[in-house]
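S.K.: Structure provided below as structure tokens; questions to follow.
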Amino acid sequence: MAQDSFPGWHGTTILAVRRGGKVVVAGDGQVSLGQTVIKGTARKVRRLTPGGREVVVGFAGSTADAFTLLERLEKKLEAAPGQLTRACVELAKDWRTDKYLQKLEAMLIVTDGRELLVVTGAGDVLEPEHDVAAIGSGGNFALAAARGLMETDMDAEEIARKAMAIAADICVYTNGNLTVETIHG
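Residue numbers are given in my numbering: position 21 of the sequence shown equals residue 68, and the series is strictly consecutive.
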């Protein structure tokens, strides 16, 4: 089968919501190949503890690529303890300029409970507006739902779970099998 005709891997929705002194990162469990669900229980949200400080990361894209980036991020965090933005900027610079890393296809949402960042292979380190960030196939659906739910009295986890349920109802590459991690600021 020619590489151009190989169906792409799809199926990630990662959402982060900051409210009430905590950040909740939720990710669905679906991985699809073309129109087939390959796995429904993937874990795309991880808790890292580089240098003893907790960081929660959600990833979308190629799993192997994301794990390569997670390893690099851990090293950057160990080199700059307590400086999440600096570590993410250093990762983004490497990702943008290193010929090997440039080929990686993934995106990250990273938080230490105080800062909330989206890191891309285009060299972007973005702090989202409105305390909500989302990436992946169903990211825009989850983002829109969470932004609307921020107008309610729901807490961060309730917003994340409800927004992810809405995304799962709309996006065929998103399911309701969630991994949810909470970190306090």
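All C-beta atoms in this analysis are idealised placements derived from N, C-alpha and C, irrespective of residue type, glycine included.
In the DSSP assignment, find the beta strand (DSSP E) that holds Arg94 and state where it starts and stops.
M.R.: Its beta strand (DSSP E) spans residues Val92 to Leu95.
S.K.: Kindly identify the DSSP beta-bridge partner or partners of Ile234.
M.R.: What is shown of the chain runs 48 to 232, which leaves residue 234 out entirely.
S.K.: Could you say which of Gly98, Asp112, Lys91 and Thr110 lies nearest to Val104 if we only look at CA atoms?
M.R.: Among Gly98, Asp112, Lys91 and Thr110, the Cα nearest to that of Val104 belongs to Lys91.
S.K.: At what residues does the beta strand (DSSP E) containing Met211 begin and finish?
M.R.: Premise fails: Met211 lies in the alpha helix (DSSP H), Ala203 to Ile217, not in any beta strand (DSSP E).
S.K.: Identify, in the order they occur along the chain, each residue of the same chain with its Cβ nearer than 6 Å to the Cβ of Thr229, setting aside the five sequence neighbours on each side.
M.R.: Closer than 6 Å at the Cβ level, and outside the excluded window around Thr229, lie Lys69 and Val71.
S.K.: Locate the alpha helix (DSSP H) running through Lys140, then write down its first and last residues.
M.R.: Here the alpha helix (DSSP H) through Lys140 covers Leu131 to Thr144.
S.K.: Who are the near neighbours of Arg66 in its chain, counting only those whose CB is closer than 8 Å to its CB and skipping five residues on each side?
M.R.: Excluding sequence neighbours, Arg66 sits near Asp178, Met197, Asp202, Ala203 and Ile206.
S.K.: Report buried or exposed for Ile134, applying the criterion of at least 16 other Cβ atoms within 10 angstroms of its Cβ.
M.R.: Rather than Ile, the amino acid found at residue 134 in this sequence is Ala. Counting Cβ neighbours within 10 Å, Ala134 comes out buried, since at least 16 surround it.
S.K.: Note the first and the last residue of the continuous alpha helix (DSSP H) segment covering Glu118.
M.R.: It spans Thr110 to Ala126 - the alpha helix (DSSP H) in which Glu118 sits, taken as one unbroken run.
S.K.: Confirm, please, whether the CB-CB distance from Gly74 to Leu225 is below 8 Å.
M.R.: It is a contact, given that the beta carbons lie within the stated cut-off.
S.K.: Quick one: what does DSSP say Arg66 is sitting in, helix, strand or coil?
M.R.: Strand at Arg66.
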